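**Student:** For the sequence shown, my numbering assigns the number 799 to the last residue and increments by one with no breaks. Glycine residues also receive a C-beta, built at the ideal position from the N, C-alpha and C atoms. Quick caveat, the model's predicted, so the values are computed rather than measured. My questions all concern the structure below.
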Amino acid sequence: MLRSISICLLLASIVLPTPARAESIDLTKAVVVIGPGERPAAEKIAPTILTEEVARRSGVNWMIRSEWPKGTDTIIAISTISRPPAWQGEVRSALESVPQKAEAFSLRIIPPANGQPRIVAVTGYDARGAMFAVGKLLRNLNWKQGEVSLAADFQAAEAPDRPLRGHQIGYRDTANSWDAWTHEQFEQYFREMVIFGANAVENIPWQEETLNPLMKYPRSEMNLKFAELCDKYDLDHWIWVPVLVHLPDEAKEVEFLAQQEGFYRQVKRLDAIFVPGGDPGNNKANVLLPHLERMAKLAGKYHPQVKIWLSLQHFKADDVDFLYQYLEQQQPKWFGGLVMGPSSPPMEYTRRRLPKPYQLRWYPDITHVVRCQYPVPWLDPALGLTLGRECVNPRPVDYTQIYKMDYTFTDGFLTYSDGVHDDFNKNLWSQLGWNPSVSPRQVAMDYARFFFQPEVAEMGADALFALETDMRGSLADNGGISATLALWKELERQIEQAGSPWRFRMHLFRAYYDAYTRSRLLYETKLEQQALKALSDTDKQGVAASIQQARAILEQATSQPVDAALQARLLAFGDELFQSIGLQTSVPKYHASGYERGAVIDFLDYPLNNRWWLEDQFEALLKLPDANRQQQRIATIRDWENPGVRGYYDVIGHVGRSPRVVKLLLAGDAMRHDDDLPTPTQRWMGEKRNGLRQGWHIYLDNVPGGILYNDLDTTASYVVKLCAQRSSPLVIDGVKARLINTGDIYGEVSEQFFEVPAQALQDGRIKLTWEPLDEKHLNWRQRHYVTDIWVMKQPVK
């Protein structure tokens, strides 16, 4: 009922009139004034950013002058308190309103008085402050063709909460979009990150030397371009440099250092070098740290300010202890701090042990949604299979929660990203780095205003939030997905009049994709039910005929797709986004580097039911020589999910098929309570045909609170059947369960049957839990887990 109400409200929001806009001032004929003479890079680029971005959107070309103009009604005055202009008297009140902190700024409208013009004072504490003030102004301007305005009551005074706010933009083969970019596209993207408050960019200069057909430049050239752009926009230039030499190995170490020196000598700017301790790399701390010192000395010859940073990914306890002892005793000045990446020790523990002179940088993965550092909790497997790891994925609520959990331990962040699909997340994190209390809805409104169109700022924010909501809960039960698409269609209708920017088209594509996937899931689920029903007539028409009928029904998923027109629209989106921004949504068509790298187009026909498993079972069944065995197997297949009278069947890792498992659907909540309420893992099933059931790639390896089954027949006997990897240490009502049989093996899982003690049935309910196992020596893929549970009443003997 609540879901239905929310859908109606969302649809209603499409036709509601736009709220009355506050009084605004006309900036169409404004003149931009800057201080004379040479200025630092950020202050120098600030007026260029402002005027070019306004012209790009409105066609209005503001003049830039270095002297205070006369006879002008409106002036946009850009200055800094670190270098006060000759005309500082005109903006004195604005100069006095700037927070006293690096990169801070104020924006003030000084009304006209005594014949003086109206002034929009854009004032930075320093050069970067002026640049970030321009970004704030751009995010709040309203424009249409030939007109620019600003709310008359607009003002701001801000200082960044965290000193480091950046994103990793690696020019490499694995990227799903920017490996196809031109120099101009990179500069525009760097600029737009600045507009939302970023002050650092991290490149990946050497790893993965492969050049793909999309790359327009050799990596060596792009490495120089990145450094040049960082210098032009006064962005901290970081590089990610794994040490793949197995130390100690003097010959290879010298060769690696020589490769580095060529880079250090050529790049215009370099501020920091991040060396992951692992993933990749596997050197012990006692041999890695001396190598890092050699790297620091070499880089310092050309860039004296450079620092080396290290993550503790995959470090063992003795490596961690060695590092802290080294820092406390040696206190190396070349060392900048530690980086918190996936598989690192806990952040709070690291902050506590790290000596105070050194900083702590966050390295959050904002680019993936499954099999990653911050997965979407309980993501429906139909979305996990089709959208995969690198889909278009705005997550305003989740990432705001995640950021607020840990940001106080850090000095800032450079996020892990591998494409433009997470573009909203980058800008959200940049803004959280300025103000951890900022509303994610406000960020979404700024994003929609600047990148879509000012008139749709509120509706655009709702639409971005709706895409995150599409990923919550059971896909089959989520009728709100239709409302999400309706909202994006209305935005499309409004924005199309002015042309659609790629960011809008990219998110629109996701809305269509979700709706298509849900329609396909409902359709293919129905087809499977019909196919299983066809197996009920084997006594009349025979096994072979029944299987032929079931196969024909299942094949309708591709021979009669649920919505061929919508599928064609998605294919057209793939072409469009590849042409406009290089987004690689297919491996064969657009040269995506892998099927987990955003290749969502390649999964438009991937089965969302158990078709492949059923077809393999049919083929094996027909080879059985005995008719009775064929009939028995037909019954097993047909009744696979049927636990019988007063029985239960759960796919415990499936959000829509595990009603007895307690779930937390928000990422922050799930992370805080993971020890008590863990979330399932989704295995990568690959792009090729496999004969596994849909439920076997989603699993839980522990349910600390247990699973309760009620309303059991107290006069009967029961068996619990599991599909699990490895021998399952099942416990029933606190007593280790007795394994009475093992059945077939399907891929990684096997059928395991356990007796339910008669004493446990006396109250008509049982609670299933599992004994903890020591599996630290095993890779996580090899550890125990459970996919399916049957609680089955046994026939009377």
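Which same chain residues, not among the five before or five after Phe426, have their C-beta less than 7 Å away from its C-beta?
**Tutor:** For this step, residue 426 is matched to residue 424 along the sequence shown. So the qualifying residues of the chain are Pro396, Tyr449, Leu466.
**Student:** Of all the options Gly745, Tyr515, Asp236, Phe453, which has the alpha carbon lying nearest to the alpha carbon of Pro42?
**Tutor:** Position 40 of the sequence shown holds residue 42. Considering only alpha carbons, the answer is Asp236.
**Student:** Which word fits Asp604, buried or exposed, when buried means at least 16 other C-beta atoms lie within 10 angstroms of its C-beta?
**Tutor:** Here residue 604 is taken as the residue at index 602 of the sequence shown, counted from 1. Its Cβ being crowded by 16 or more others within 10 Å, Asp604 is buried.
**Student:** Just the Cα atoms here: how many angstroms apart are Trp782 and Ala594?
**Tutor:** Within the sequence shown, numbered from 1, the residue matching residue 782 stands at position 780. Within the sequence shown, numbered from 1, the residue matching residue 594 stands at position 592. Approximately 27 Å, taken between the alpha carbons.
**Student:** Can you give the Cα-Cα distance for Pro383 and Glu598, rounded to whole angstroms?
**Tutor:** Position 381 of the sequence shown holds residue 383. Position 596 of the sequence shown holds residue 598. Using only the alpha carbons, I get a separation of about 15 Å.
**Student:** Return the chain-ordered ranges of every beta strand (DSSP E) run that is complete within the region 403–453 and spans a minimum of 3 residues.
**Tutor:** Entirely contained in the region 403–453, the beta strand (DSSP E) runs reaching 3 residues are, in chain order, 414–417.
**Student:** List the whole-angstrom C-beta distance separating Gln684 from Arg373, where the pair is believed to meet the contact cut-off of C-beta under 8 Å.
**Tutor:** The residue you call residue 684 lines up with position 682 of the sequence shown. The residue you call residue 373 lines up with position 371 of the sequence shown. Indeed, because the Cβ distance is near 7 Å, the residues count as touching under 8 Å.
**Student:** On the DSSP letters alone, give me the boundaries of the alpha helix (DSSP H) that Cys374 sits inside.
**Tutor:** What you label residue 374 is simply residue 372 of the sequence shown in a count that begins at 1. That residue, Cys374, is in no alpha helix (DSSP H); it is neither H nor E in DSSP.
**Student:** Give every residue of the same chain whose Cβ lies closer than 8 Å to the Cβ of Pro347, excluding the five residues on either side of it in the sequence, and list them in chain order.
**Tutor:** Here residue 347 refers to the residue found at position 345 when the sequence shown is read from its first residue. Closer than 8 Å at Cβ, skipping near neighbours: Leu314, Phe317, Val322.
**Student:** Between Tyr127 and Thr82, is the Cβ-Cβ spacing less than 8 Å?
**Tutor:** Taking the sequence shown and counting its residues from 1, one reaches residue 127 at position 125. Taking the sequence shown and counting its residues from 1, one reaches residue 82 at position 80. Yes, the Cβ-Cβ distance between Tyr127 and Thr82 is below 8 Å.
**Student:** Write down the C-beta distance between Ile654 and Ile768 rounded to the nearest angstrom, noting that I regard them as a contact closer than 8 Å.
**Tutor:** What you label residue 654 is simply residue 652 of the sequence shown in a count that begins at 1. What you label residue 768 is simply residue 766 of the sequence shown in a count that begins at 1. The pair is not a contact, with the Cβ atoms about 15 Å apart (cut-off 8 Å).
**Student:** Can you find the residues in the same chain that come closer than 7 Å, C-beta to C-beta, to Phe258, ignoring five residues on each side of it along the sequence?
**Tutor:** For the purposes of this step, residue 258 is taken as residue 256 along the sequence shown, with counting starting at 1. These residues qualify, in order along the chain: Val247.
**Student:** What are the boundary residues of the alpha helix (DSSP H) that includes Val196?
**Tutor:** Here residue 196 corresponds to residue number 194 of the sequence shown, with the count starting at 1. From DSSP, the alpha helix (DSSP H) with Val196 extends over 185–197.
**Student:** What separation, rounded to the nearest whole angstrom, lies between the Cα atoms of Lys299 and Asp420?
**Tutor:** Working through the sequence shown from its first residue, we reach residue 299 at position 297. Working through the sequence shown from its first residue, we reach residue 420 at position 418. Taking the straight line joining both Cα atoms gives about 30 Å.
**Student:** Let's test the definition: count the other Cβ atoms within 10 Å of the Cβ of Asn644 and tell me whether it reaches 16, buried, or not, exposed.
**Tutor:** Along the sequence shown, one-based indexing puts residue 644 at 642. Exposed: under 16 other Cβ atoms inside 10 Å.
**Student:** For Thr417 versus Pro366, is the C-beta distance shorter than 8 Å?
**Tutor:** Locating residue 417 in the sequence shown gives position 415, counting from the first residue. Locating residue 366 in the sequence shown gives position 364, counting from the first residue. Closer than 8 Å, so yes.
**Student:** Our contact map puts Ser521 next to Gly658 with C-beta atoms below 8 Å; I'd like the distance itself, whole angstroms only.
**Tutor:** Walking along the sequence shown from the start, residue 521 turns up at place 519. Walking along the sequence shown from the start, residue 658 turns up at place 656. Wrong, their Cβ atoms sit about 16 Å apart, outside the cutoff.
**Student:** Does the Cβ of Val798 have 16 or more other Cβ atoms within 10 Å, making it buried, or fewer, making it exposed?
**Tutor:** In the sequence shown, counting from the first residue as 1, residue 798 sits at position 796. That one is exposed.
**Student:** Give the straight-line distance between the Cα atoms of Leu430 and Phe107, rounded to the nearest whole angstrom.
**Tutor:** The sequence position of residue 430 within the sequence shown is 428, counting from 1. The sequence position of residue 107 within the sequence shown is 105, counting from 1. Each residue's Cα considered, the two are about 19 Å apart.
**Student:** Buried or exposed for Ala559, going by 16 or more other Cβ atoms inside 10 Å?
**Tutor:** In the sequence shown, counting from the first residue as 1, residue 559 sits at position 557. Answer is buried; the Cβ neighbour count reaches 16.
**Student:** What does DSSP give as the partner residue(s) for Trp240 in the beta ladder?
**Tutor:** Numbered from 1 along the sequence shown, position 238 holds the residue referred to as residue 240. Bridge partners of Trp240: Glu204, Ala274.
**Student:** Using 8 Å for Cβ pairs, my map puts Gly148 next to Val62. What's the rounded Cβ distance?
**Tutor:** Residue mapping note: residue 148 aligns to position 146 of the sequence shown, counting from 1. Residue mapping note: residue 62 aligns to position 60 of the sequence shown, counting from 1. Right, their Cβ atoms sit about 7 Å apart.
**Student:** Just reading off the beta strand (DSSP E) that Asp233 is part of, what are its end residues?
**Tutor:** The sequence position of residue 233 within the sequence shown is 231, counting from 1. Here Asp233 belongs to no beta strand (DSSP E); instead the alpha helix (DSSP H) covers 221–234.
**Student:** Is Asp677 buried or exposed, if buried means 16 or more other CB atoms sit within 10 Å of its CB?
**Tutor:** Numbered from its first residue, the sequence shown carries residue 677 at position 675. Counting Cβ neighbours within 10 Å, Asp677 comes out exposed, since fewer than 16 surround it.
**Student:** So, at 7 Å on beta carbons, what are the nonlocal neighbours of Val602 in its own chain, with the 5 sequence-adjacent residues on each side left out?
**Tutor:** Stepping through the sequence shown from its first residue, residue 602 is reached at position 600. Hits under 7 Å: Thr388, Leu389, Gly390, Cys393, Tyr515, Thr587.
**Student:** Do Val758 and Ile734 count as a contact pair if the criterion is CB distance below 8 Å?
**Tutor:** For this step, residue 734 is matched to residue 732 along the sequence shown. For this step, residue 758 is matched to residue 756 along the sequence shown. Yes.
**Student:** Classify Ser441: buried if its beta carbon has 16 or more other beta carbons within 10 angstroms, exposed otherwise.
**Tutor:** Taking the first residue of the sequence shown as position 1, residue 441 is located at position 439. By the 10 Å Cβ count, Ser441 comes out exposed.
**Student:** Within this structure, are the beta carbons of Asp163 and Asn214 separated by less than 8 Å?
**Tutor:** Against the sequence shown, residue 163 aligns to sequence position 161. Against the sequence shown, residue 214 aligns to sequence position 212. Against a cut-off of 8 Å, the Cβ pair of Asn214 and Asp163 comes out as no contact.
**Student:** For Arg783, does the three-state DSSP call read helix, strand or coil?
**Tutor:** Residue numbering aside, residue 783 sits at position 781 when the sequence shown is read from its first letter. The answer is helix: DSSP assigns Arg783 an H, G or I state.
**Student:** Identify, in the order they occur along the chain, each residue of the same chain with its Cβ nearer than 6 Å to the Cβ of Gly131, setting aside the five sequence neighbours on each side.
**Tutor:** Here residue 131 is taken as the residue at index 129 of the sequence shown, counted from 1. Around Gly131: Glu105, Ala106, Phe107.
**Student:** Where does Trp180 fall in DSSP's three states?
**Tutor:** Reading the sequence shown from its first residue, position 178 is the one you call residue 180. DSSP places Trp180 in helix when its eight states are reduced to three.
**Student:** Confirm, please, whether the CB-CB distance from Trp380 to Lys665 is below 8 Å.
**Tutor:** Residue numbering aside, residue 665 sits at position 663 when the sequence shown is read from its first letter. Residue numbering aside, residue 380 sits at position 378 when the sequence shown is read from its first letter. Yes, they are a contact pair.
**Student:** Apply the 10 Å Cβ neighbour rule to Thr789 and answer buried if 16 or more other Cβ atoms are within range, or exposed otherwise.
**Tutor:** Stepping through the sequence shown from its first residue, residue 789 is reached at position 787. With 16 or more other Cβ atoms within 10 Å, it is buried.
**Student:** Exposed or buried, what is Leu780 when buried is set at 16 or more other beta-carbons lying within 10 Å of its beta-carbon?
**Tutor:** Here residue 780 refers to the residue found at position 778 when the sequence shown is read from its first residue. Per the 10 Å Cβ criterion, exposed.
**Student:** To the nearest angstrom, how far is it from the Cα of Phe228 to the Cα of Leu534?
**Tutor:** Translated into the one-based positions of the sequence shown, residue 228 becomes position 226. Translated into the one-based positions of the sequence shown, residue 534 becomes position 532. The alpha-carbon atoms of Phe228 and Leu534 are separated by roughly 58 Å.
**Student:** What are the start and end residues of the alpha helix (DSSP H) that includes Ser561?
**Tutor:** Working through the sequence shown from its first residue, we reach residue 561 at position 559. Its alpha helix (DSSP H) spans residues 545–561.
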